[in-house]
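This report refers to the structure that appears directly beneath it.
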Amino acid sequence: MSQIAATLDEAIEVIADGCMLVVPREVSGVPMDATRALIRRGIRRLHLVALPTSSLQADLLIGAGCVATLETSAVSLGEYGPAPRFTAAILSGSIKMKDATCPALHAALQASEKGVPFMPLRGLIGSDVLKYRDDWKVIDSPFGDNDPIVLLPAIKPDVALFHAAMADVHGNVWLGRQRELATMAHAAVKTIVTVDRIHPGNLLDNPTFAAGTLPGFYVDRIALTERGAWPLPLPDYYAADAAHLAEYAKMAATEEGFAEYLDKYVYEKQAA
Amino acid sequence: MSQIAATLDEAIEVIADGCMLVVPREVSGVPMDATRALIRRGIRRLHLVALPTSSLQADLLIGAGCVATLETSAVSLGEYGPAPRFTAAILSGSIKMKDATCPALHAALQASEKGVPFMPLRGLIGSDVLKYRDDWKVIDSPFGDNDPIVLLPAIKPDVALFHAAMADVHGNVWLGRQRELATMAHAAVKTIVTVDRIHPGNLLDNPTFAAGTLPGFYVDRIALTERGAWPLPLPDYYAADAAHLAEYAKMAATEEGFAEYLDKYVYEKQAA
Amino acid sequence: MTFRPEELLADQIAQLIGDVRHVAVGNASPIPATAALLARERGRGRPYVSLLGSPKNTFWTDGARELFDCAGQGRIDVFFLSGGQIDGHGNINLVEIGDHAHPKVRFPGSFGSAYLYYVVPKVILFRTEHSRRTLVPQVDYVSAPGASEPNVFRTGGPVALITNRCLFSFAGGRFTLQSVHPGHTVEEVIEHTGFDFDRPANVPETPPPSAETLKLMRETVAPQLAELYPQFAAQVFGVAVPSS
Amino acid sequence: MTFRPEELLADQIAQLIGDVRHVAVGNASPIPATAALLARERGRGRPYVSLLGSPKNTFWTDGARELFDCAGQGRIDVFFLSGGQIDGHGNINLVEIGDHAHPKVRFPGSFGSAYLYYVVPKVILFRTEHSRRTLVPQVDYVSAPGASEPNVFRTGGPVALITNRCLFSFAGGRFTLQSVHPGHTVEEVIEHTGFDFDRPANVPETPPPSAETLKLMRETVAPQLAELYPQFAAQVFGVAVPSS
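Protein chains in written order, with the working numbering: chain A, 781 to 1052; chain B, 781 to 1052; chain C, 367 to 610; chain D, 367 to 610.
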């Protein structure tokens, strides 16, 4: 049975209200078409984990009221300035924020990848990042002598969702160097991938391709969404749409402008 | 400065008597030419870590008297039977054996890769593998309720040594799917690689190759040793030399036969 | 229809595998590999079968650790283990016989057993040599225990032990004789087993593989098997060994 | 020879980098990136320079975690951090201003600072806006502390803070004014700094970049910089922005 879904909406069916959804950073393949489809579907109460940071994707989902809890290390539009809907939501208290630090999120996903309940991490002690995370624990390392170290509980997302350049009909997905996407898929219960194109043949048959491939074994659904990361980049394939991102930053600065943006670029797209 | 050494002996200079040396399993690229060169050089008192098992390589090094401590999950010649010099050394007590289990070695190397003093691992509790490892600790997981879990101290080898199909002049090494070799290199203080050939150009310039490449940043020395894994296989490139392995198993069954083997296949090779 | 002992064992193991998503088979295990491929043929592609050492039948791209990570994720449903010794508590010994300080016999080592035995839901023990030497009251070294204290995290463990003489199931810390293979007897099993086990009043004979199963094994499974186990495929199924 | 303030800062930072193996520069940091590339030119290839976001100037092949793993291995010698607030103890705040339950201002977040600040031997703090708004007595939120208790594992931390007005060094939990940039005064620095700091009786002026350094930056570094920072390279160094 092929994982390739007939439609994007069918592929993302499994992403339910209230689920824990893990998504990648801006340069690792952000599934923007899928994000817009989730907003159109009116998804609610997401526990969004952005590994380890986010930009437009988190801002859009937050602005559209899809997010209950956000767990990440930073949200920003980078050179286009702060992420306005994220900032507004934090200041109004409309989302629960679990501030982290990048390597903590990587380690917590690797814990689920390895089937262990926690991972240790250096740093953090004495920071307010740790102070406000009562789910993180400090122990005295049994290998040291008065050596406190932080333990991070495993993050086991219900769904991992990302965009990649290509997949084959066996469900194998080309990741290239973005190996944290493999960790996301290993850690999550289910994995949904959108891709720009379907690769003929089997990516695992060629040892060169295989090295950068996530086996279809870990992939539940795939949807074909050409340039599905737009307006974000897909490194090695296409650049960000700078003009669009600047337009977003401007429109999303106000609630009204953001509503207009949604009408123009998210809801309208459905009709197109 | 290029990492490519003029000779194999020069590349392995850094592997000193008494050092902790990590080497890969039979199908991940075993540096057999380098192993023979170490034996010819008369290396002594190695703390050999085989990730996570070994075959001919450990048996040869042990038989030649190069190993003080062996840390691995199994040594066997596979279809050619038990590893005779390993077995004899254990029964005579001439090496110190630190029996492990495969995922424990992977995790302990990943601990060094991540700069943490330990990694947790499920399993092990109630086994004699754990009982005889007083360097492993059991704690009550702070995320559970009466939930004992094993913590493994990080393994930080002095040197990682392996064989790969190719490297480029920038020191980048093609690993393909053998990603534990990257972990070995990340974990070790120094990394020495032998390769079958030098790849023209820069492996990191091509995103497809880059996905399966260890960056030269982690590589200290490279030696060109064509078919350097012989008589072991280099998967995707060449198969094991079955006749030779059968001959080894037969000769190494006795100490005399093993000495003959060394004369014929290790010491003689120098003259050739 | 006549059949070879290996075919009987593979058929039995395929049934033990049941309807699962993923079966992994370790190195040097041609009969379990036959069974896994047979199960895949019957399930028309399900379960996924990972045969360690076979590039065609493994999907791993994350290095040697992926098998163990995959098991830790709960994504390996069936695995096979053996032992230099296996005891009546389901403990297996892959390390040594004798006193730990001065062993008399040394085996290769525990491999991944001290982990996989705990986290793979169905571990099928497989040991063709059924004798008091291999099936002992108490192993000299516990590579991995058959059962654990209730507070020890354990999602897996042994479900069965198959030998050249019979099939045992394992539950509640004990083996139960399920069936005796054609040509063997309960008395013979008792005589050659070093541990106590339960048994029903009437122990059935292990049913022979059906004609359909034999056809599937010989015509469809055997050629696939030959990639990894050419000698075994030639010897048991008469698959021509390719000259290389 | 005239120079731009960015050139002065980059030259100073390049000297702070010193003779090391590996400098990593985070996103949106054109001046530190200029300094790192300048140091690499001077060292004829040493240090390795990793510019996050630049495929040409990063060697990572193990995903987004490799930067942090690499730092954890002790393989990153110099990194750069900034802060919405930086205080006199070297604490940095990348999260919020005001009460944690009801912040008045929200910044993007701590990124990797709560880790990298502890494990990179030389962290150079960089904040062009030198004001009592940014340089405060005590940060409202500690993304990462400037110093740690003696028993806390820490192989790294801040060594300097460079602003548009001056250069501070950091040691023993305090900043010391090292030099004031041309056109600025000690009094002005005191007026605009919210925290106490030490200073010598005579504070030198930050030396201007040499003609040789300026040539290297403008002719050799600037074109390399343009890949990642085309606007900056155009504005500061007049590198033509490629039409795309």
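Glycine residues also receive a C-beta, built at the ideal position from the N, C-alpha and C atoms.
- What residues of chain B sit near N517(C), judged by a beta carbon separation below 8 Å? Within chain B, the residues near N517(C) are N926, D927 and P928.
- Taking only the alpha-carbon atoms, compute the straight-line gap between L826(A) and D435(D) and give it to the nearest angstrom. CA-CA distance, L826(A) to D435(D), rounds to 29 Å.
- Item | Short CB-CB distance (under 8 Å) between Q381(C) and chain A | So no, Q381(C) is outside the interface.
- Task: Determine the contact status of V810(A) and H943(A), defining contact as a CB-CB distance below 8 Å.
- Result: If you check the CB distance, V810(A) and H943(A) come in under 8 Å.
- Rounded Cβ spacing between A830(A) and V803(A) (contact assumed at less than 8 Å): Indeed they touch by this definition, with Cβ atoms about 6 Å apart.
- Sequence-distant residues of the same chain with beta carbon closer than 7 Å to Q837(A), five excluded per side: So the list reads V803, V810, M812 and T815, once near-sequence residues are dropped.
- Which residue comes first and which comes last in the beta strand (DSSP E) that contains D879(A)? Bounds of the beta strand (DSSP E) holding D879(A) are K876 to D879.
- Message: The beta strand (DSSP E) that contains R472(D), what's its start and end?
- Response: Per DSSP, R472(D) belongs to the beta strand (DSSP E) from P469 to R472.
- For Q453(D), write down the residues that DSSP places opposite it in a beta bridge. For clarity, residue 453(D) is Asp in the given sequence; the question names Gln instead. Beta bridge pairing from DSSP links D453(D) with V502(D).
- Relative to the ligand ZN, is the shortest distance from any of its heavy atoms to the C-beta of P575(D) smaller than 7 Å? Ligands in the displayed structure: none, and consequently the ligand ZN is not present.
- Message: Below 8 Å on the Cβ atoms is my contact criterion, and I expect G449(C) with I458(C) to pass it. Report the Cβ-Cβ distance as a whole number of Å.
- Response: With a beta-carbon spacing of about 4 Å, G449(C) and I458(C) fall inside the 8 Å limit used to define contacts.
- Item | Outcome for A467(C) when other beta-carbon atoms lying within 10 angstroms are tallied against a minimum of 16 | Taking all protein chains shown into account, A467(C) has fewer than 16 neighbouring C-beta atoms within 10 Å of its C-beta and is therefore exposed.
- Query: Hey, does E1036(A) have any beta-carbon neighbour from chain D nearer than 8 Å?
  - Reply: By this cut-off, E1036(A) is not an interface position.
- Excluding five sequence neighbours on each side, which residues of the same chain lie with their C-beta closer than 6 Å to the C-beta of V909(A)? For V909(A), where only same-chain residues beyond five positions count, the Cβ hits under 6 Å are D879 and T881.
- Item | C-alpha distance - L1025(B) paired with G429(D), whole-angstrom precision | Taking the CA atoms as reference points, L1025(B) sits about 38 Å from G429(D).
- Task: For S479(C), decide whether its Cβ has a neighbour in chain B, counting only Cβ atoms nearer than 8 Å.
- Result: It does; some Cβ of chain B falls within 8 Å.
- Ends of the beta strand (DSSP E) at Q544(D)? Per DSSP, Q544(D) belongs to the beta strand (DSSP E) from R540 to V546.
- Using the rule of at least 16 other Cβ atoms within 10 Å of the residue's Cβ for burial, across every protein chain shown, is G924(B) buried or exposed? Burial call: exposed.
- Task: Please work out which residues of its chain come closer than 6 Å, Cβ to Cβ, to W426(C), disregarding the five sequence neighbours upstream and downstream, and give them in chain order.
- Result: If we look at W426(C) and ignore the five residues flanking it on each side, its Cβ neighbours are E432.
- What do you reckon, are the CB atoms on A376(C) and V389(C) nearer than 8 Å? Taking a C-beta distance under 8 Å as the contact criterion, A376(C) and V389(C) do not qualify as a contact pair.
- Message: Between which residues of its own chain and G464(D) is the CB-CB distance below 8 Å, once the five residues before and five after are set aside?
- Response: Same-chain partners within the cutoff: K470, V471 and D506.
- Item | Cross-strand partners of I458(D) (DSSP beta bridge) | Answer is I452(D) and A510(D), bridged to I458(D).
- Can you find a CB in chain A that lies within less than 8 Å of the CB of G798(B)? Answer no: the Cβ-Cβ gap between G798(B) and chain A never drops below 8 Å.
- May I have the straight-line CA-CA distance separating L904(A) from A510(D), to the nearest angstrom? Roughly 7 Å between the two C-alpha positions.
- Between the CA atoms of E1027(B) and V930(A) - distance to the nearest angstrom: Whole-angstrom Cα-Cα distance: 53 Å.
- Message: With DSSP as the reference, identify every bridge partner of K1044(B), one or two as the case may be.
- Response: DSSP, once it has assigned bridges, lists no residue as partnering K1044(B).
- Quick one: is V461(D) near chain A, going by C-beta distance under 8 Å? By this cut-off, V461(D) is an interface position.
- Query: Alpha carbon to alpha carbon, what distance is there between V953(A) and G996(A)?
  - Reply: Roughly 7 Å between the two C-alpha positions.
- Task: Return helix, strand or coil for M583(D), following the three-state DSSP convention.
- Result: Residue state, collapsed to three classes: helix.
- Task: Starting from the C-beta of F369(D), find all residues in its chain whose C-beta is less than 7 Å away, skip the five residues before and the five after it, and write them out in chain order.
- Result: Correct list, in chain order: P574, P575 and L580.
- Task: With DSSP collapsed to three states, give me the class of I528(C).
- Result: In the three-state reduction of the DSSP assignment, I528(C) falls in the strand class.
- With P900(B) as the anchor, note down where its alpha helix (DSSP H) starts and where it stops. Unbroken run through P900(B) is the beta strand (DSSP E), F898 to L901; no alpha helix (DSSP H).
- Query: Quick one: any contact between the stretch 881-900 of chain A and the stretch 492-504 of chain D, if contact means 3 or more CB pairs under 8 Å?
  - Reply: No: fewer than three Cβ pairs fall under 8 Å.
- Task: Scan the stretch 936-972 of chain A and note each continuous alpha helix (DSSP H) run of 4 residues or more that stays entirely inside, going in chain order.
- Result: Entirely contained in the stretch 936-972 of chain A, the alpha helix (DSSP H) runs reaching 4 residues are, in chain order, 960-967.
- Query: What separation, rounded to the nearest whole angstrom, lies between the Cα atoms of G523(C) and T963(A)?
  - Reply: Their Cα atoms are separated by approximately 26 Å.
- Verify the CB distance criterion: does A990(B) have a CB-CB separation below 8 Å to chain D? Yes, because at least one Cβ of chain D sits closer than 8 Å to the Cβ of A990(B).
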